[in-house]
Structure formats: C-alpha cells, structure tokens
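**Q**
In the UniProt record's numbering, the protein residues as written are 1 to 537.
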C-alpha cells in the first residue's frame, strides 16, 4: 500500500471543502482533498453567495467568474409571495441594495451551487500545493500524537495518507464527526422535504416578477427558487412520514402536477430534471475541534435553507481556520491558536443557525395558519436583509486583544451592520484612491498580518523593528488623507477609530486583532500584540 504525505487532509469536496483547499494553498500549506462523488454537485442546492463570501471570492480573484455564472443582482435579489406564481395578488419585495452598498466593495449574489462549485474546483486544482481527488473515499482514520493516518480508496485501490491535521467537510451526516463521538445540539428535525429540479419556460411568464425565492400558499404550499431565471428552477415542499407519506410518493407525474399548481398554469410544459429528499434541521456540533481533527461547514453546523446562510457560514469557517493551521505548521504560532477556531466560530454558527430557524418558523407558521399571508410576507420581506448577521459578527478569544471599547449595538443586530474596527470585528471597508484607481481597504489585505496606520505616524519603523524580532511576516500599509504617494482617503482613520498616531493590526482572515487608537509607536507594543494573537505565550 503506497503512502502520501501532506500537511492537511480535507474530507469532502463541496463548496466548504474546496474553499478550505483554496485557503490552505494561498497560505502555502500542502493539502489533499478527497470527495466520494465523481464530480461537483449536479443539484443547485445552495444559491446565495453572501456579501462576506463575495468579499472572500473577490480576494481569490474569481469574483467576475461567479458573477458571470450567476444572476444579475437587480433581477434576482427579490422575494415573492402569492397563491401561485402568476396570481394577480402576487407580492414582490426587492433587496435594499443601495442602502447596503457603502458597507462592502461587493454584495450578495445568486450563483447556484452546481455552477459555483465548478469555479471553486477549477481554482483549487490550479493552485500549487492543493491536490483534489474526486471519486475517492476515506475508509479509515487513525489519530496519534504526531498526526493522522488515513486510508483512502478509489478505482485503483487503497492507499494510506499521512497528514498533520484533518479538516472534515463531509456534510450534515458527517462520518468523521460521528467517528469522533461529537454530538450535535438543537431541536428535532423541523420537516422532511423534497427539492424538485425542473425545466420550464418561466422566465418569459414571470418577466415582471423575477426573484430569488417565491413562497406559494394556494393549492399547494411550497417554495420555488430560481436557478437561471429562465428555464431552470427548483420547487421545495414537505411530506409527513407520521402520516405514511414518503419521498417515493413524489413520482415523475406528481412532480409535474406540483409545478403546474405552484405556477398556476394547468397545461404548462414541464420537464423534471431530478428530485432530492432532505431533512430541514437546525443543529450545531458541541465541539469544532477534536485534537488534530477540525469540523467545518455542515459537519459542524446545519442551518435551515431559509436565509441562505449555511454554505456561507461554512466558507467563513475555512477562512478562519486556514491561516491558523498555516501559522502553527510554520512554527509561527502556538497550538493554542488552533483552539481559538472553535472558540470563535461556534458562537457565530450558533447565532446563524438560530436565525435560520427563526426564518423557517415564519414559513411554518404561515402554512399552519398561525400567521396570515400578509403577516408572514411582512416578516419574510424584513428578514431578507441580514447584513448585521453576515458582516457584524465578532470574535472573542486569545487571538483578539480587547481595547476596552464597546461593540456597536444596533436596534436589530440581525438586519443592521454598523462598521467598526474594534478588535474582533471584520475590518471595515473604506474606498481608497490608489495608483489612479479606486480600491477597498479589504483589497489591500493579504495572507499575512497587516498593520494599517496613517502615513507619517512612525508605525512603519516600529513594525520593521518588530518584524526582525518576531520572525513573522508583517505587512505594513500606510494611508494618507491626500498624499498620492500613498493610498489616500480623507476619512479612513476616523472610520477605523484612529488618530494620526494610531495603528490597527488585521489578521489574515480580515478581522481586527489589535488596535492602538493613539500613542507613541513602539516595537515592544507590537511584538507583545503579535505574540498574544499567535498564542506564543
């Protein structure tokens, strides 16, 4: 039996596993991804790419590819509700894109998972250090003090892989999680569902009411989702096992009748492409780390699909974990930095899952007549905006140095995002003028710790002295109000809560690690901060 050696083994090749491979490669870490299926998803399960995920996609250089594969924002970021898709009393609510525009250099996008995964796979396979193998299963996993030994099997037989760490991205029924004995917490399953992928010429029929999601409450209760806003759509509805119903009841003929009833056109030409049973649930794993094994994505947390949070939360898991694994593997950080993955991500996952549950209960209450269509529609339209959840989450852990300031307290933390450079929060987006073009502060962050400070503050000198002592890569970005020799913005320092002598240290995942609002630049202070953030005590 042959043996491969890599630094990280990734189990699962969905969007989160592929994102993990991409991030590890960007940080110079070798990895092997194994996925049991023969190729990327053929079913458009997830569709919403959130603002934060679009920022990460932008940093990978594939934002334009995602937008080309997806739907135009103005046509797709809308919610519809009515007795049928064509009924006269149909209601349509559009996303408030212009209100959210100042918060990011990009915004939510609808790009169905079957197309999104192709882009991620091509990128993962193109980067050095990341090997991607589909049609390959992990059949055994043994963990010891120095690493892990896994047995993987494909059409050519079995082989062993030796790795320092394992990242389990193997979905809601994670075999890795179960083998570790990690329990999940949350309510019982909410419902048993089926998704029907179908082909029908609805783009012309719905030209004045296009959207990402439609709730139908007439002859049938269901949700209809656009895939390409032309011919490809999915219909989601439930069944009751306690009443003797099963997924097998959804025959080809019955699925056609369901689609016709939801659309409101009795003789609509429909072709059923596929049907996927699934369980709607909202659970979170009790731990995200077990020694050398880390859970990400649905292996760590399962959200209801309402809100489109699940895949995005998983990609943020990968973004948080990869730089920490890289820092420890390079000997730059202590093992305790890896503990902060669970410390930081589990509260975010719990909040995300709970908000997805609230969204799902609105629909359930409407279908069970506890809410009127008007009441449910008002709630659903309001909760389509979730920038507070998507951008406003924060981390509290040893990898963040508190500065004594209070976190922003919006009236609705789910809906409203208030930018802040307070440690633990995502670094705010501010437009800068740089080399004759407009760039975001986020565009200038790389894979190292980055120190931002006003030009002339002296923190660049302190950073150079600190870097020599730290033996850790440290990027320095000086920003001026008006000197074109630097990136310029007249407002960025104020928006980051800094005076002319202040500085802010940003982690490779874009979150603020440390902030000195004002003071005398000192290499000692910076060394102390970096040592604390990297858990080198």
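We put the CB at the ideal spot given by N, CA and C, even for glycine.
1. Thinking C-beta only, is residue 490 closer than 8 Å to residue 481?
2. I want to know whether the segment 21–30 touches the segment 64–75 - three or more CB-CB distances under 8 Å.
3. Apart from the five residues just before and just after residue 180, which ones in its own chain have a Cβ nearer than 8 Å to its Cβ?
4. By the 10 Å Cβ neighbour count, where 16 or more other Cβ atoms means buried, how is residue 136 classified, buried or exposed?
5. Within 10 Å of its beta-carbon, does residue 55 have 16 or more other beta-carbons around it, so buried, or fewer, so exposed?
6. Can you find at least 3 beta carbon pairs, one from the segment 298–312 and one from the segment 344–361, that sit closer than 8 Å?
7. Would you check if the segment 258–276 and the segment 334–343 touch, i.e. whether three or more CB-CB distances between them fall below 8 Å?
8. Near residue 81, which residues of its chain fall below 6 Å by C-beta distance, leaving aside the five closest residues on each side in sequence?
9. Tell me which residues share the same chain as residue 154 and place their Cβ nearer than 8 Å to its Cβ, disregarding the 5 neighbours each side in the sequence.
10. Within 10 Å of its beta-carbon, does residue 388 have 16 or more other beta-carbons around it, so buried, or fewer, so exposed?
11. List, from N- to C-terminal side, the beta strand (DSSP E) runs of 3 residues or more that fit wholly inside the segment 394–445.
12. Report the start-end ranges of each beta strand (DSSP E) in the segment 275–303 that is 3 residues or longer and not cut off at the edges.
13. Excluding sequence positions up to five away, which residues of its chain have a Cβ less than 7 Å from the Cβ of residue 233?
14. Please state whether DSSP places residue 511 in a helix, a strand or coil.
15. Consult DSSP for residue 232 and reduce its assignment to one of helix, strand or coil.
16. Which same chain residues, not among the five before or five after residue 467, have their C-beta less than 8 Å away from its C-beta?
17. In terms of residues, what are the limits of the alpha helix (DSSP H) holding residue 313?
18. For residue 461, count the other beta carbons within 10 Å of its own beta carbon; 16 or more makes it buried, fewer makes it exposed. Which is it?
19. Could you work out which residue in 249, 463, 15 is closest to residue 39 when comparing CA atoms only?
20. Between which two residues does the beta strand (DSSP E) harbouring residue 42 extend?
21. Could you tell me which whole alpha helix (DSSP H) segments of length 4 or greater appear in the segment 24–87?
22. Look up residue 142 in the DSSP assignment and give the residues it is bridged to.
23. Of all the options 448, 20, 391, which has the alpha carbon lying nearest to the alpha carbon of residue 429?
24. Go ahead and label residue 310 buried or exposed: buried means 16 or more other beta carbons lie within 10 angstroms of its beta carbon, across all protein chains shown.
25. How about residue 513: is its C-beta nearer than 8 Å to some C-beta of chain C?
26. Fully enclosed by the segment 198–256, which beta strand (DSSP E) runs are 3 residues long or longer?
27. How big is the Cα-Cα spacing for residue 396 and residue 402?
28. Can you tell me whether residue 240 is buried or exposed? The criterion is at least 16 other CB atoms within 10 Å of its CB, across all chains shown.
29. Got a sec? Which residues, its chain only, sit under 6 Å from residue 218 by beta carbon, not counting five neighbours each side?
30. Taking residue 174 as the reference, which of 416, 10, 534, 331 has the closest Cα?
31. Below 8 Å on the Cβ atoms is my contact criterion, and I expect residue 427 with residue 506 to pass it. Report the Cβ-Cβ distance as a whole number of Å.
32. So, for residue 209: in the same chain, excluding its five sequence neighbours on each side, which residues have a beta-carbon less than 7 Å away from its beta-carbon?
33. Does residue 356 come out as helix, strand or coil in the three-state DSSP assignment?
34. Are residue 420 and residue 432 touching if we call contact CB-CB under 8 Å?
35. Should residue 318 and residue 122 be called a contact, given that it needs their Cβ atoms to be closer than 8 Å?
36. So what's residue 263 in DSSP terms, helix, strand or just coil?
**A** So, to answer that:
1. Yes; because the gap between Cβ atoms is below 8 Å, this pair is in contact.
2. Between the segment 21–30 and the segment 64–75, the count of Cβ pairs shorter than 8 Å is below three; the stretches do not touch.
3. If we look at residue 180 and ignore the five residues flanking it on each side, its Cβ neighbours are 290, 293.
4. That one is buried.
5. So residue 55 ends up on the buried side.
6. Flag = yes, the segment 298–312 and the segment 344–361 touch.
7. In this structure the segment 334–343 does not lie against the segment 258–276, because fewer than three pairs of beta carbons, one per stretch, are closer than 8 Å.
8. Excluding sequence neighbours, residue 81 sits near 91, 215, 377.
9. Excluding sequence neighbours, residue 154 sits near 133, 135, 136, 137.
10. A residue is called buried once 16 or more other Cβ atoms fall within 10 Å of its Cβ, and residue 388 is buried on that count.
11. Correct list: 431–434, 437–440.
12. Runs of the beta strand (DSSP E) lying entirely within the segment 275–303 and spanning at least 3 residues, in chain order: 283–285, 293–295.
13. The residues are 198, 200, 202, 224, 225, 226, 227.
14. For residue 511, the three-state secondary structure derived from DSSP is strand.
15. Shown here, residue 232 sits in a strand according to DSSP, grouped into three states.
16. Here the set comprises 473, 474.
17. It spans 310–329 - the alpha helix (DSSP H) in which residue 313 sits, taken as one unbroken run.
18. Exposed, by the Cβ-count rule.
19. Out of 249, 463, 15, 15 has the C-alpha closest to the C-alpha of residue 39.
20. For residue 42, no beta strand (DSSP E) encloses it, and the DSSP letter there is neither H nor E.
21. 51–60, 63–69, 73–76, all fully within the segment 24–87.
22. Answer is 149, bridged to residue 142.
23. For residue 429, the nearest C-alpha among the options comes from 391.
24. With 16 or more other Cβ atoms within 10 Å, it is buried.
25. The structure shown contains no chain C; it holds only a single protein chain.
26. If we require 3 residues or more, the beta strand (DSSP E) runs fully inside the segment 198–256 come out as 213–217, 221–226, 232–239.
27. The alpha-carbon atoms of residue 396 and residue 402 are separated by roughly 8 Å.
28. Exposed: under 16 other Cβ atoms inside 10 Å.
29. If we look at residue 218 and ignore the five residues flanking it on each side, its Cβ neighbours are 83, 84.
30. Looking at the Cα atoms, 10 is the closest of the given residues.
31. The Cβ separation is near 5 Å, so the contact holds.
32. Only 80, 90, 92 meet the Cβ criterion.
33. Residue 356 carries a helical assignment under DSSP once its states are collapsed to helix, strand and coil.
34. Taking 8 Å as the cut-off, the beta carbon of residue 420 is found no closer than this to the beta carbon of residue 432.
35. Contact flag unset, no.
36. Here DSSP, grouped into helix, strand and coil, assigns residue 263 to helix.
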